[in-house]
Amino acid sequence: MKNKNGFLWAAAFLFLLFLTQDYLFTTWEKGTSFLGFPTWLSWFMLIHFLFIVVFYFFSKKYWK
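Take 136 as the starting number for the sequence shown in this note's numbering and just add one per residue.
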């Protein structure tokens, strides 16, 4: 069962890696979003927040 759990964690981190490759599926137009930040910066902050959350749960699972 450990292998399946490891695969899920690897898939989660690979999905986050895919999200960082935003230049493949979007073009950032000039504009503002969350709190007046540029849209690309809001995307950057969202990805990093998701990474922190996933890494937090991974570390709780790994070092319990």
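Glycine included, C-beta positions come from ideal geometry on N, C-alpha and C.
Go through its chain and collect everything with a Cβ distance to LEU185's Cβ below 7 Å, but skip five positions before and after it.
LEU151
Could you give the distance in angstroms between the alpha-carbon of MET136 and the alpha-carbon of PHE142?
Reliability of the predicted coordinates at MET136 is poor, the pLDDT of 43 falling under 50, and no value is obtained from them.
Just the Cα atoms here: how many angstroms apart are ILE187 and SER194?
Their Cα atoms are separated by approximately 10 Å.
Look at the alpha carbon of VAL189 and the alpha carbon of PHE148, and state the distance between them as a whole number of angstroms.
8 Å
Starting from THR174, follow the alpha helix (DSSP H) in both directions and report where the run begins and ends.
174-197
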